[in-house]
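Heads up: the structure comes next, in structure tokens.
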Amino acid sequence: ICDDDDVEEEQDSSLIGPEIIKAQIIVLLKKSKWTSAIGLYRRNKSLLSLGSGPSSDEEDVGNLLNMYASTLRKNQE
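So, in structure tokens, the structure goes:
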């Protein structure tokens with residue numbers, strides 16, 4: 016799904032489908048690999064139930080930030 020070795024070494028084997036993609040995106044964001052995170056997000060947008068049509072860069076980055084913030088909130092609980 017993602018060619019980045021950093022993602023695969025931290026992947027949680029209990030995750031399935033879209034959750035794997037989200038986890039990989041979060042790992043990339045934590046490592047400040049924004050270009051890779053945006054690319055992975057865009058390639059899998061329909062799988063993540065976030066639409067498959069064209070969107071602006073701002074919308075994509077906004078969705079990534081929302082995904083990341085949601086993960087941070089879950090980790091604090």
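Going by this note's numbering, the sequence shown opens with residue 16, and the numbers climb by one from there. We put the CB at the ideal spot given by N, CA and C, even for glycine.
Check, Outcome
"Could you check which residue in S47, M82, E92 has the C-alpha nearest to that of K60?", "M82"
"How many whole angstroms separate the CB atoms of L55 and I35, which I take to be in contact at a CB cut-off of 8 Å?", "In fact, because the Cβ distance is near 11 Å, the residues do not count as touching under 8 Å."
"Skipping 5 residues on each side, what residues in its chain have a beta carbon closer than 8 Å to that of D21?", "Only weak support is given to the placement of D21: the predicted model assigns it a pLDDT of 49, under 50, and the value that follows is read from those uncertain coordinates. Cβ within range, chain order: V42, L43, K46, K48."
"When the Cα atoms are used, what is the spatial distance from L80 to Q91?", "17 Å"
"Hey, could you find the ends of the alpha helix (DSSP H) N78 is sitting in?", "72-91"
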